[in-house]
Amino acid sequence: MRVFCEGNGNKKSCQGSPMAAPMKSPMASSTAAPMVASIASSPMASRGMSEKPARRGMPYVQQLSSSVSSGAGFDTHYYQSLLRGGGLLFADQQLMDNERTARLVRAYASDDGSTFRMDFARAMMKISNLNVLTGSQGQVRLECTLPVSS
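Numbered by UniProt numbering, the letters in the sequence shown go through residues 1 to 150 in order.
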């Protein structure tokens with residue numbers, strides 16, 4: 001499975017599996033030309049999927065049971081796991097690589113979940129005010145990099 005991405009400043013055009021996030025090589029510069037992330041040819045595939053990357057010490061493959069919440073829903077266990085370097089997906093653990101998002105992870109991990117629930121409720125209120133077009137007024141875009149046609 002391959003995901004192809006072309007970087008253009010802060011914009012990226014990606015094609016491939018919607019479930020696969022493009023991964024930037026640690027060796028690539030921030031203005032790198034086309035990048036290719038391949039799960040099949042990744043270091044974890046060639047090293048038996050048990051080795052840890054040198055950069056963060058996070059195992060490529062986590063035991064699912066250690067990364068899932070208590071089972072009843074999305075709770076502080078998810079954020080506490082990120083603090084320990086145990087994000088289930090590469091994209092999850094990336095939340096700790098940016099100070100702004102790492103600060104939120106620490107806040108959400110440190111209480112009973114009320115901070116996250118309050119922030120989530122605020123975000124849902126903002127989204128509900130976007131007046132999303134639905135039905136015949138809406139549009140399903142199969143190629144999101146193309147401009148909207150009228």
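Cβ atoms here follow ideal geometry from the backbone N, Cα and C, with glycine treated the same way. Values in this document were obtained by computation on a predicted structure and should not be read as measured data.
Reducing DSSP to helix, strand and coil, say where residue i ends up.
i    : result
G135 : helix
T76  : helix
V148 : coil
V105 : helix
S110 : coil
R122 : helix
E99  : helix
R117 : helix
L83  : helix
Between residue i and residue j, what straight-line distance do the alpha-carbon atoms span, to the nearest angstrom?
i    : j    : result
L89  : T101 : 16 Å
R117 : G85  : 23 Å
Y79  : D112 : 11 Å
N129 : A123 : 10 Å
V132 : E99  : 32 Å
R106 : K126 : 24 Å
D97  : G87  : 12 Å
S110 : V148 : 43 Å
S81  : T115 : 17 Å
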